[in-house]
Amino acid sequence: MLTNEEVAQTIINQFGESVTDFDDPYNLLTCSTSRDQIIPLVKYLKEDKILQIGFLTDLTAVHYPDSTGKEFCVVYHLHSLTNNFRLRIKVYLTTADVHIPTMIPLFASANWMERETFDLFGIIFDGHPDLRRILNMEEMDYHPMRKEYPLEDATREDKIDALFGR
């Protein structure tokens, strides 16, 4: 079985400084890369004879409105069933440019996960064959998981955003 340190070192040896911020909270190896490197990185992880990461567990996003230059984070959770380890990869995007390449050529299961992430956060997956809303109505002109909207009715005084960590 591979350790997180061995996997991290393999990635560093292959990609150098284009993959950064290695950490392992709760024993889940985590790293960051750029939108330009996400496809080559995941392709390498999938095709490598030792790592054998063959399962995209999840793909989602997080909105950090107060983090200038890194307002959105697209998060990929990958799993090597053969070696029994998981990997989280983060790609940060700005509000002005929420484009990232689609993962569908590598994992067909990314199709609906990317549609959901587009629907809820407005992340645009370049090359996606059918990028349209999956949960909400097409007529919606906003993305409900962005932290740009108040959590409650603004006229209510008993529930203010500060009570919810905003």
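When you read off a place in the sequence shown, starting at 1, and then add 892, the result is the number in this note's numbering. Cβ atoms here follow ideal geometry from the backbone N, Cα and C, with glycine treated the same way. None of these values were measured; they are calculated from a predicted model.
Host alpha helix (DSSP H) of residue i (start-end)
i, result
"HIS999", "Note on residue identity: the sequence assigns Phe, not His, to residue 999. Taken as a continuous stretch (DSSP letters only), PHE999 belongs to no alpha helix (DSSP H), as it is neither H nor E."
"LEU933", "930–939"
Residue i, enclosing beta strand (DSSP E) - first and last residue
i, result
"ALA953", "947–955"
"LEU985", "977–985"
"THR922", "921–925"
"VAL899", "Counting along the chain, VAL899 falls outside any beta strand (DSSP E), though it belongs to the alpha helix (DSSP H) covering 896–907."
"VAL990", "Neither: VAL990 is in no beta strand (DSSP E) and is coded neither H nor E."
Under 7 Å between C-beta atoms of residue i and residue j
i, j, result
"VAL934", "LEU973", "no"
"LEU1023", "LEU979", "no"
"SER924", "ASP913", "yes"
"LEU951", "ALA1002", "yes"
"GLY1014", "HIS991", "no"
"THR1009", "ALA953", "yes"
Buried versus exposed, by CB contacts within 10 Å (16 or more), residue i
i, result
"ASP1018", "exposed"
"ASP1011", "buried"
"HIS955", "buried"
"MET995", "buried"
"LEU1055", "exposed"
"ILE945", "buried"
Minimum C-alpha distance to residue i - residue among the options
i, options, result
"GLN929", "VAL911, LYS941, VAL966 and ALA1002", "VAL911"
"TRP1004", "VAL899, HIS991, PRO1021 and VAL990", "PRO1021"
"LEU970", "GLU1008, PRO993 and LEU937", "LEU937"
"PRO917", "ILE981, ASP1033 and THR902", "ILE981"
"PHE964", "PHE977, ILE1016, ASN1028 and PHE907", "ILE1016"
"ILE942", "ILE931, TYR968, ASN975 and ASN919", "ASN975"
"ASP958", "ASN905, GLU1040 and GLU1031", "GLU1040"
"VAL983", "GLU939, ARG1025, THR895 and VAL967", "VAL967"
According to DSSP, residues forming a beta bridge with residue i
i, result
"LEU970", "LEU948 and LEU979"
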